[in-house]
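Asker:
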Amino acid sequence: MTTFTVTTPIYYANAQPHIGHAYTTIAADVLARHARQQGRPTFSLTGTDEHGEPIARAAAAQGVSPQALVDASTERFRALLGVLHAEPDFFVRTTSAEHRRQVGELLGQLRERGLIYKAGYDGQYCPRCADFKSGREAADGRCADHDLALEAHCEENWFFRLSAFSTQLAEHLERNADWIVPASRHNEARALVAAGLQDVSISRATLTWGVTVPWDPDQVFYVWFDALLNYLTAPTSAGRPDAWPAAVQLIGKDILKFHAIFWPAVLWALGRPLPERLVVHGHLLVDGRKASKSRGNVIDPFAVAAEVGADALRVALLRDVPWLGDGSLSSASTFTRSRDELADVYGNLVRRVSSLVVRHRSALAPACAVPAPVLAALDGVDDRVGQALGRAALGEALEHAWAAARALNGVVDLLAPWKLARDNDQVALDAALGGLLEGVRAVSVLLHPFAPDGTARTLKALHASASWTEARARAHVSARPVDELAPLYPKRPSGRQVQDPA
Ligand code: MSP
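Counting from 14, one number per residue, gives the positions in the sequence shown under this note's numbering.
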């Protein structure tokens, strides 16, 4: 079975992690968890981008060494993983000796192949992007992204022959219409290629905080080339050569050019395969503008997770933000609302069904033929969720699983086990309880990649597994014990809780 590799961008370690970073990390974790539940060997990769001008400047401003700065901020990015219940297989740091060594080696290979040469470079540079800017990106001499005055830079640099890959890239995009999703981003990449590709400078003479160019120690590699190569250095460092090519590379739309243009050219130049798919999401907007440290409109994911829990944070970002579009987060109420909804839809379902089994059957779910309404509520949903996840359509997959959980709540009302108990209809009561519990189990498997905490607790209490082979509700079930479960998503007093009759 081929390895399923999913990557996030490596995050700039010049600032605290914010909700935008959490977003990509969560999306990658959903795909990785789904691959794991399918039993596929999985490599989920994330990490921090620790070189370059922004880091050097931030460190100087704080009066600390760049290494001390990145050591501290990397710890925050690692801590965020735990808070989000994200479980990547590897965390790459670009200041690690292993990464630095491989970057020198890989770019050395390009030089041996005649794809790197030295020339003069004149350009307008944004210190925040750590990138030269031109055209629309540099209107009025200001960086369009950061609204900062651009600086004139003139130096001798090493250049990568990007222009040599124009035709190959144009043909690749032409033939593989879904290599980049959504289609609008694919078209954007085609337009970039059609506008003409210039060779690109890959080293800096004015900086020292970076990977030294092995054959020209007065220069360091331009941070983007050091950073892009993490996708190749990390599998080697992790002893997982099987982990490249990636099945899915997730990025924000701000870094399309680097991943859709530079990256495939570098891979071809190295004789390595391209990732199967580039999935480009939009930006989380807070107060109508991209959430970013420089704008000061960030939402702290640590604070949100502490208040509502990881599951609600994950679900809020994947339900309230249209997947791959831009999404506005107005305030923290988005997250409490999501927690309350999760509690109402999934938490209530689990609590209602498990407590009915405890009350009426002494915590032993009876063997039965699963009632038709339970099977109807779940009919085909595993296929719909699985297919959507296979296309990395996370929002759609979650909606399907969510709809099934909602429908099952309706089936609890319809079957009304409390009435069957009152009427002493033992056969129907057994079928209702055993069948509803089977529904809860199947829905928990479907929701597991999205809400790993609550679903894992439920599945444990049901002595069941999150494996995808178990995602379909069975038509006949045998007797099973159910352990007592604490409420999954304790809510504020304002929360609504369905109380079923005794
Ligand atoms: N270090 C580079 C990436 C190198 S990858 C080889 C970088 N880092 S970043 O920290 O500025 O942003 C990385 C990613 O964080 C974005 O591509 C995106 O995935 C995520 N986000 C950062 N801000 C975001 C929002 N406001 N909204 C959604 N995601 C955003 O670029």
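Here a beta-carbon is modelled for each residue, glycine too, at the ideal position from N, C-alpha and C. From a predicted model like this one, the values you see are computed outputs, not experimental measurements.
Taking 8 Å as the threshold, find out whether the stretch 308-319 comes into contact with the stretch 264-273 through three or more Cβ pairs.
Answerer: The stretch 308-319, when compared against the stretch 264-273, does not touch it at the 8 Å Cβ threshold.
Asker: Leaving aside the five residues before and after Ala183 along the sequence, list all residues of the same chain whose C-beta is less than 8 Å from its C-beta, in chain order.
Answerer: Mapped onto the sequence shown, residue 183 falls at position 170. Here the set comprises Arg203, Val206, Ala207.
Asker: Tyr138 and Phe172: beta carbons closer than 9 Å?
Answerer: Here residue 138 refers to the residue found at position 125 of the sequence shown. Here residue 172 refers to the residue found at position 159 of the sequence shown. Against a cut-off of 9 Å, the Cβ pair of Phe172 and Tyr138 comes out as no contact.
Asker: Using C-beta distances below 7 Å, list every residue in its chain close to Ala445, excluding the 5 sequence neighbours before and after it, in chain order.
Answerer: Taking the first residue of the sequence shown as 1, we reach residue 445 at position 432. Answer for Ala445: Pro384, Leu428, Pro430, Leu433, listed in chain order.
Asker: Run through the DSSP bridge pairs and tell me what Leu407 is partnered with.
Answerer: Walking along the sequence shown from the start, residue 407 turns up at place 394. Leu407 pairs with nothing; no bridge assigned.
Asker: How many angstroms separate the CA atom of Val116 from the CA atom of Gly148?
Answerer: Looking up residue 116 in the sequence shown gives position 103. Looking up residue 148 in the sequence shown gives position 135. Taking the straight line from one Cα to the other gives about 30 Å.
Asker: Does the distance from the CB of Ser351 to the CB of Arg332 come in under 9 Å?
Answerer: Your numbering for residue 351 matches position 338 in the sequence shown. Your numbering for residue 332 matches position 319 in the sequence shown. Yes, they are a contact pair.
Asker: How about Ala273: is its Cβ closer than 8 Å to a heavy atom in ligand 1?
Answerer: Here residue 273 refers to the residue found at position 260 when the sequence shown is read from its first residue. Result no, Cβ not under 8 Å from ligand 1.
Asker: Can you pull the DSSP bridge partners for Gln262?
Answerer: Here residue 262 refers to the residue found at position 249 of the sequence shown. Its beta-bridge partners are Thr20, Leu291.
Asker: Which of the three DSSP states, helix, strand or coil, is assigned to Gln232?
Answerer: Stepping through the sequence shown from its first residue, residue 232 is reached at position 219. Three-state result, Gln232: strand.
Asker: Within its chain, find whatever has a CB closer than 6 Å to the CB of Asn422; leave out the 5 residues flanking it on each side and keep chain order.
Answerer: Reading the sequence shown from its first residue, position 409 is the one you call residue 422. Same-chain partners within the cutoff: Leu362.
Asker: Please check the pair His64 and Thr108, which I expect to be a contact at CB under 8 Å, by giving their CB distance rounded to whole angstroms.
Answerer: Here residue 64 refers to the residue found at position 51 when the sequence shown is read from its first residue. Here residue 108 refers to the residue found at position 95 when the sequence shown is read from its first residue. Confirmed, about 7 Å.
Asker: Let me know if Trp415 comes out buried or exposed under the rule of 16 or more other beta-carbons within 10 Å of its beta-carbon.
Answerer: For the purposes of this step, residue 415 is taken as the residue at position 402 of the sequence shown. Trp415 should be labelled buried.
Asker: Would you check if the distance between the CB atom of Pro494 and the CB atom of Leu377 is smaller than 9 Å?
Answerer: On the sequence shown, residue 494 is found 481 positions in, with the first residue counted as 1. On the sequence shown, residue 377 is found 364 positions in, with the first residue counted as 1. Yes, the pair counts as a contact, with Cβ atoms nearer than the cut-off.
Asker: For ligand 1, I want to know if Leu298 counts as a neighbour, meaning its beta carbon is within less than 8 Å of at least one of the ligand's heavy atoms.
Answerer: Position 285 of the sequence shown, counted from the first residue, corresponds to residue 298. Yes, ligand 1 has a heavy atom inside 8 Å of this Cβ.
Asker: Classify Pro514 as helix, strand or coil using the three-state DSSP reduction.
Answerer: As a working note, residue 514 is residue 501 in the sequence shown. In this structure, Pro514 counts as coil in the three-state DSSP scheme.
Asker: At the level of alpha carbons, what is the spacing between Leu225 and Gln232?
Answerer: The count along the sequence shown starts at 1 and reaches residue 225 at position 212. The count along the sequence shown starts at 1 and reaches residue 232 at position 219. One point to set straight first is that residue 225 is Thr, not Leu, in the sequence displayed. One C-alpha to the other measures close to 6 Å.
Asker: Please classify Trp237 as buried or exposed, where buried requires at least 16 other C-beta atoms within 10 Å of its C-beta.
Answerer: In the sequence shown, the residue the question calls residue 237 occupies position 224. Per the 10 Å Cβ criterion, buried.
Asker: Taking all protein chains shown into account, decide if Ser491 is buried (16 or more other Cβ within 10 angstroms of its Cβ) or exposed.
Answerer: What you label residue 491 is simply residue 478 of the sequence shown in a count that begins at 1. It counts as exposed.
Asker: Taking the CB atoms as reference points, tell me whether Asp102 and Leu58 lie closer together than 9 Å.
Answerer: As a position in the sequence shown, residue 102 is number 89, starting the count at 1. As a position in the sequence shown, residue 58 is number 45, starting the count at 1. Contact flag set, yes.
Asker: Please confirm whether any heavy atom of ligand 1 lies closer than 8 Å to the CB of Thr246.
Answerer: In the sequence shown, residue 246 corresponds to position 233, counting from 1. It does not: the Cβ of Thr246 is nowhere closer than 8 Å to a heavy atom of ligand 1.
Asker: What is the residue span of the alpha helix (DSSP H) that Thr33 lies within?
Answerer: As a working note, residue 33 is residue 20 in the sequence shown. It is Gly, not Thr, that sits at residue 33 in the sequence shown. Counting along the chain, the alpha helix (DSSP H) containing Gly33 begins and ends at 32-50.
Asker: Quick one: using the 10 Å Cβ neighbour count with 16 as the cut-off for buried, is Thr61 buried or exposed?
Answerer: The residue you call residue 61 lines up with position 48 of the sequence shown. Burial call: buried.
Asker: For the candidate residues Thr349, Asp339, Val453, His294, whose alpha-carbon lies nearest to that of Ala316?
Answerer: Within the sequence shown, numbered from 1, the residue matching residue 316 stands at position 303. Ranked by how close their Cα comes to the Cα of Ala316, the residues Thr349, Asp339, Val453, His294 have Thr349 in first place.
Asker: Is Asn170 helix, strand or coil when you go by DSSP?
Answerer: If you number the sequence shown from 1, residue 170 lands on position 157. Residue state, collapsed to three classes: strand.
Asker: If you run the structure through DSSP and keep just helix, strand and coil, what is Val206?
Answerer: In the sequence shown, residue 206 corresponds to position 193, counting from 1. Of the three classes helix, strand and coil, the one that applies to Val206 here is helix, per DSSP.
Asker: Is the stretch 30-48 touching the stretch 209-217 in the sense that three or more CB pairs, one from each, lie closer than 8 Å?
Answerer: With a cut-off of 8 Å, the stretch 30-48 and the stretch 209-217 do not count as touching, because too few Cβ pairs lie within range.
Asker: Tell me whether Tyr359 sits in a helix, a strand or coil according to DSSP, three-state version.
Answerer: In the sequence shown, counting from the first residue as 1, residue 359 sits at position 346. Helix, per DSSP.
Asker: Does the separation of the CB atoms of Pro465 and His34 fall below 9 Å?
Answerer: Counting from one through the sequence shown, the residue named residue 465 turns up at place 452. Counting from one through the sequence shown, the residue named residue 34 turns up at place 21. No, the pair does not count as a contact, with Cβ atoms beyond the cut-off.
Asker: Beta carbon of Tyr235: closer than 8 Å to some heavy atom of ligand 2?
Answerer: As far as ligands go, the structure on display features ligand 1 and does not contain ligand 2.
Asker: Who are the near neighbours of Ala417 in its chain, counting only those whose CB is closer than 7 Å to its CB and skipping five residues on each side?
Answerer: Locating residue 417 in the sequence shown gives position 404, where the first residue counts as 1. Ala390, Leu391, Val394, Val456, Leu459, listed in sequence order.
Asker: What I want to know is whether the C-beta of Leu241 ends up closer than 8 Å to one or more non-hydrogen atoms of ligand 1.
Answerer: By 1-based counting over the sequence shown, the position of residue 241 is 228. Correct: Leu241 has its Cβ closer than 8 Å to ligand 1.
Asker: Taking Leu298 and Val328 to be in contact with their CB atoms under 8 Å, please state how far apart those CB atoms are, rounded to whole angstroms.
Answerer: As a first step, residue 298 is located in the sequence shown; it is residue number 285 there, counting from the start. As a first step, residue 328 is located in the sequence shown; it is residue number 315 there, counting from the start. Between Val328 and Leu298 the Cβ distance is about 19 Å, and since that is not below 8 Å, they are no contact.
Asker: What does the Cβ neighbour count give for Pro386, buried or exposed, with the cut at 16 atoms within 10 Å?
Answerer: The residue given as residue 386 occupies position 373 in the sequence shown. Answer is buried; the Cβ neighbour count reaches 16.
Asker: Can you give me the Cβ contacts of Leu407 inside the same chain, cut-off strictly under 7 Å, excluding the 5 residues immediately before and after it?
Answerer: As a first step, residue 407 must be located in the sequence shown, where it is residue number 394. Once the five neighbours on either side are set aside, the close Cβ partners of Leu407 are Ala40, Val43, Leu331, Trp336.
Asker: Could you name the residues of the same chain whose beta carbon sits closer than 7 Å to that of Pro500, not counting the 5 residues immediately before and after it, in chain order?
Answerer: In the sequence shown, counting from the first residue as 1, residue 500 sits at position 487. So the qualifying residues of the chain are Gly360, Arg364.
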